[in-house]
Amino acid sequence: MFRKNLKNYLAGGCIIPLSTSMAATREPTTEFPLVQKENGWFHQDGRAAQLFNLDWKASTDDPGKMALSYIRQHAKLLGISDSQVKQLSVSSIRKMADIAIVRFRQNIQGVPVFASDIAVSLMPDGKIIYVASTVVPLTEDNLVTTFRAEISKTEAVQAAQTWLGRPLTHTQIQRNVYVDEHKQPHSAWNIVATDKGGDEWNVVVNQADGTILDARKISLEFGSSQGYVYKPDPLTSAHAKYGDPGYINDHGKDTPQLKAARVLVDLSDITQNGDGKWQLVGPRAHCITQSYQHIADYNSCPVQTNTLFDYTRDSRYFAAINAYYHIDRVMNYVNTELQLPLYPLQYTGGVKYDPHGWREDGNDYSGLPPGEDWIEPRSRYLLASGIIEYGGGSNNHGGSNIDDPGVPAGAYTAMPDMAEDAAVIVHELGHGLHDWATNHHLSNEEGLSEGVGDYFAGGYIRDMGYSGYNKLQPWAGATNPDNIRVFDWYIGHQYPKDISNSPHNAGQYWSSCNMAARTSLGGKLMDKAMLVGLAMTGHETNQAQAAQAVLIAAQTLGFTAAQMDTLFKAYTHTCTYPVKKPG
Ligand SMILES: [Zn+2]
24 MFRKNLKNYL AGGCIIPLST SMAATREPTT EFPLVQKENG WFHQDGRAAQ LFNLDWKAST
84 DDPGKMALSY IRQHAKLLGI SDSQVKQLSV SSIRKMADIA IVRFRQNIQG VPVFASDIAV
144 SLMPDGKIIY VASTVVPLTE DNLVTTFRAE ISKTEAVQAA QTWLGRPLTH TQIQRNVYVD
204 EHKQPHSAWN IVATDKGGDE WNVVVNQADG TILDARKISL EFGSSQGYVY KPDPLTSAHA
264 KYGDPGYIND HGKDTPQLKA ARVLVDLSDI TQNGDGKWQL VGPRAHCITQ SYQHIADYNS
324 CPVQTNTLFD YTRDSRYFAA INAYYHIDRV MNYVNTELQL PLYPLQYTGG VKYDPHGWRE
384 DGNDYSGLPP GEDWIEPRSR YLLASGIIEY GGGSNNHGGS NIDDPGVPAG AYTAMPDMAE
444 DAAVIVHELG HGLHDWATNH HLSNEEGLSE GVGDYFAGGY IRDMGYSGYN KLQPWAGATN
504 PDNIRVFDWY IGHQYPKDIS NSPHNAGQYW SSCNMAARTS LGGKLMDKAM LVGLAMTGHE
564 TNQAQAAQAV LIAAQTLGFT AAQMDTLFKA YTHTCTYPVK KPG
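Under this note's numbering, residues 24 to 606 are what the sequence shown spells out, in order.
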């Protein structure tokens with residue numbers, strides 16, 4: 024398989040690579056890593072893969088023409104010649120509230136080039152806000168190639184079946200130009216079909232001689248691997264409470280109860296590394312080990328030959344699988360069900376997370392009693408890099424010697440690893456969604472972004488049957504009351520007089536008011552209005568201004584009069600935001 028094309032597809036969809044044995048029949052090509060610069064990611068030859076922070080505006084026209092005028096003036100940056108620009112065609116235009124995303128594909132003599140795509144996102148005034156480019160490098164000679172087409176569609180399907188060794192049904196065939204790793208173009212039949220076992224395949228057959236140019240298993244739903252996770256946390260799935268026999272952290276040790284609380288799930292779209300081993304790297308989530316000073320002592324991302332990720336919480340790998348599952352699920356929900364194209368702006372591919380990325384070590388501070396050491400696991404979304412770090416506390420090299428549950432005030436040794444709890448996993452991802460939706464204009468005025476994180480975390484775990492309904496962080500925060508936040512904080516609090524400067528505290532007002540609306544309207548409707556509304560806000564937006572934006576978004580999204588009324592009442596009756604009903 025050609026890695027170049029695998030990468031193209033991973034950026035936009037859900038592709039499972041071939042099994043090791045089949046992949047081995049293809050000649051591997053060398054892939055150089057992308058280079059990060061201030062305004063995007065670039066290939067070694069200087070061609071852009073991703074661009075943002077662009078100070079460029081088209082003169083006002085329809086979105087397709089404005090996007091094309093950007094490409095025309097930046098053809099060299101994108102690695103495409105002027106004559107190739109003339110052969111581009113628009114493949115789709117998608118709007119997300121005010122944002123139009125215009126996609127182009129390359130063509131040779133009117134035939135689409137396999138796996139080519141340039142996506143330009145712009146505002147109605149012509150301001151280009153984001154470009155994702157998977158240009159297939161072409162020479163001028165390529166454009167005048169004469170193709171021989173000697174294989175019919177039927178013969179091509181037969182060739183694909185022979186190569187796969189299995190019959191195919193539900194066949195869709197398209198004529199493409201396939202450019203191989205030697206930059207040679209081939210006229211080809213691009214076949215998408217299903218085999219007997221329900222697996223979907225994409226096979227590209229050379230029209231000249233029937234040879235297989237490219238083949239891969241594809242999937243829109245689930246990958247071929249599984250793993251054990253907490254869904255959403257060990258207490259909910261077991262109907263237990265923290266402190267019940269077997270349900271305490273105890274330095275990250277496993278117990279029969281905590282082992283039994285795990286649930287077997289599918290891990291979607293994970294990929295194989297160069298050695299054919301499976302790793303938690305997919306189009307929506309991507310496990311990394313970040314060299315942070317306190318955590319650099321162990322690798323928390325599993326890489327293995329078999330496809331079952333079966334670990335208990337005392338393994339360094341458990342949190343990685345847990346986080347992969349929940350991040351992948353939320354990103355799939357946002358992009359597929361809510362139809363909002365939200366993905367990290369800082370890099371290409373799935374959301375990068377370090378399952379044991381951040382912990383604070385008591386040894387760094389003075390004043391600890393002799394012989395005592397404590398570790399505080401903490402989690403964060405990093406705005407510049409777009410990476411999420413989940414705290415690893417007492418598990419594996421945690422170093423704590425304070426007994427659980429006898430934890431002295433201010434020392435949080437008893438806290439489990441943060442990525443054992445979907446509430447924490449999704450809270451941090453919520454910051455990311457807020458960041459990406461606003462194109463790096465996230466506001467934490469009045470704790471807005473903390474409220475956004477809590478809102479998405481709360482909605483997610485409630486939908487999974489979370490029993491603590493109005494309380495957040497049942498497992499990861501159980502031993503420290505400071506970490507528990509609520510969804511009925513509007514009781515006894517008013518906006519703006521009770522909104523303090525403590526972000527997590529104030530954020531509870533935002534999450535509570537919006538959760539009240541979500542309970543009445545349903546998650547799908549409210550989650551979408553929230554994200555589109557936030558996308559319109561700036562980095563100094565306060566809670567009331569954000570509420571106004573969500574109302575406007577809701578109207579744009581086609582809320583009925585009754586639904587608008589419900590949302591308005593949640594903001595003005597349940598809560599006291601000074602908002603106006605959109606006209
Ligand atoms: Zn937060």
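Cβ atoms here follow ideal geometry from the backbone N, Cα and C, with glycine treated the same way.
Given the structure is predicted, the values throughout are model-derived calculations rather than measurements.
- Within the region 293-366, the complete beta strand (DSSP E) segments of 3 residues or longer fall at 308-310, listed in chain order.
- Each residue's CA atom was taken as its position, placing residue 215 and residue 526 some 50 Å apart.
- Residue 192 carries a strand assignment under DSSP once its states are collapsed to helix, strand and coil.
- As summarised for the region 104-174, the continuous beta strand (DSSP E) elements at least 3 residues long and confined to that stretch are 112-119, 122-128, 140-145, 151-157, given in chain order.
- Apart from sequence neighbours up to five positions away, the residues of its chain that approach residue 284 with a beta-carbon distance below 7 Å are 253, 257, 260, 261, ordered along the chain.
- Residue environment: residue 193 is assigned as exposed (fewer than 16 neighbouring CB atoms within 10 Å of its CB, all protein chains considered).
- Assignment of residue 210 by DSSP, reduced to helix, strand and coil, places it in the strand class.
- For residue 500, the shortest separation between its Cβ and any heavy atom of ligand 1 does not lie below 7 Å.
- Taking a cut-off of 8 Å on C-beta distances, the region 324-331 does not touch the region 362-373, as fewer than three cross pairs fall below it.
- With 5 Å as the limit, the residues whose C-beta approaches a heavy atom of ligand 1 more closely than that are 473, 476, in chain order.
- For the options 66, 456, 96, the alpha carbon positioned closest to that of residue 77 is the one of 96.
- By the neighbour-count definition (other C-beta atoms within 10 Å, threshold 16), residue 447 is a buried residue.
- Of the residues assessed, residue 534 falls on the buried side of the cut-off, its CB having 16 or more other CB atoms within 10 angstroms.
- For residue 218, the beta-bridge partners assigned by DSSP are 191.
- Under the 8 Å Cβ criterion, the region 528-548 does not count as touching the region 449-461, having fewer than three qualifying pairs.
- Counting the other Cβ atoms within 10 Å of the Cβ of residue 167 gives fewer than 16, which makes it exposed.
- Classified as buried, residue 560 has 16 or more neighbouring CB atoms from the shown chains inside 10 Å of its CB.
- In the displayed model, residue 375 falls within a strand according to three-state DSSP.
- Of the residues 587, 162, 235, the one whose Cα lies closest to the Cα of residue 205 is 162.
- Annotated as proximal: residue 307 and residue 355, with beta-carbon spacing under 8 Å.
- Counting along the chain, residue 250 sits inside no alpha helix (DSSP H); it lies in the beta strand (DSSP E) bounded by residues 248-252.
- Counting along the chain, residue 475 sits inside no beta strand (DSSP E); it lies in the alpha helix (DSSP H) bounded by residues 471-486.
- In terms of Cβ geometry, residue 553 and residue 255 do not form a close pair [threshold 8 Å].
- Taking residue 198 as reference, the option from 212, 171, 340 with the minimal CA-CA separation is 212.
- As the crow flies, the alpha-carbon of residue 71 is around 15 Å from that of residue 372.
- With a threshold of 16 other beta carbon atoms within 10 Å, residue 68 falls short and is exposed.
- In the DSSP assignment, residue 200 is bridged to 136, 210.
- In the structure shown, the three-state DSSP call for residue 235 is strand.
- Assignment of residue 68 by DSSP, reduced to helix, strand and coil, places it in the coil class.
- In the structure shown, residue 277 adopts coil according to DSSP, grouped into three states.
- Beta-bridge analysis with DSSP links residue 289 to 249.
- The region 85-101 and the region 140-159 touch, with three or more beta-carbon pairs separated by less than 8 Å.
- Taking a contact as a CB-CB distance under 8 Å, the pair residue 342 and residue 415 counts as one, their CB atoms being some 7 Å apart.
- Residue environment analysis places residue 585 among the exposed positions, since fewer than 16 neighbouring C-beta atoms fall within 10 angstroms of its C-beta.
- Each residue's CA atom was taken as its position, placing residue 159 and residue 263 some 54 Å apart.
- Its chain contains 129, 159, 200 as the residues whose beta carbon lies nearer than 6 Å to that of residue 136, once the 5 sequence neighbours on both sides are disregarded; these appear in chain order.
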